[in-house]
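Participant: Mapping of the sequence shown onto my numbering: position 10 corresponds to residue 279, and the numbering continues sequentially without gaps.
There's a structure below that I have some questions on.
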Amino acid sequence: GLVFPAYDHTLHCSHLFNVLDARGAISVTERESYISRIRELARACAQKYLELLEERRVRVLA
């Protein structure tokens, strides 16, 4: 359902993080936290996409 909009949002978050990081607006300790949060968003999107592909494959084979 909403895998692609969620991934688009994740890319937007990543871009905004990079802009803020380049401007020095994020401290070293915050940086690690933000990176892991964005990574987790991307991982969740990928997992849902794989689940969507599996559901479609099962429907085609049924």
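The C-beta atom is built at its ideal place from N, Cα and C for all residues, glycine as well.
(1) For chain B, is any of its Cβ atoms less than 8 Å away from the one on Gly-270?
(2) Could you check what DSSP says for Arg-312 in three-state terms: helix, strand or coil?
(3) Find the nearest neighbour of Ile-304 within the set Gln-316, Leu-289 and Glu-320, judged by alpha-carbon distance.
(4) I need the DSSP call for Arg-306, collapsed to helix, strand or coil.
(5) What is the rounded straight-line gap between the Cα of Ala-294 and the Cα of Ile-307?
Facilitator: Working from what's here:
(1) Annotation note: the requested chain B is absent from the structure, which comprises a single protein chain.
(2) Arg-312: helix per DSSP, three-state reduction.
(3) Ranked by Cα distance from Ile-304, the first of Gln-316, Leu-289 and Glu-320 is Leu-289.
(4) In this structure, Arg-306 counts as helix in the three-state DSSP scheme.
(5) So the two alpha carbons sit approximately 17 Å from each other.
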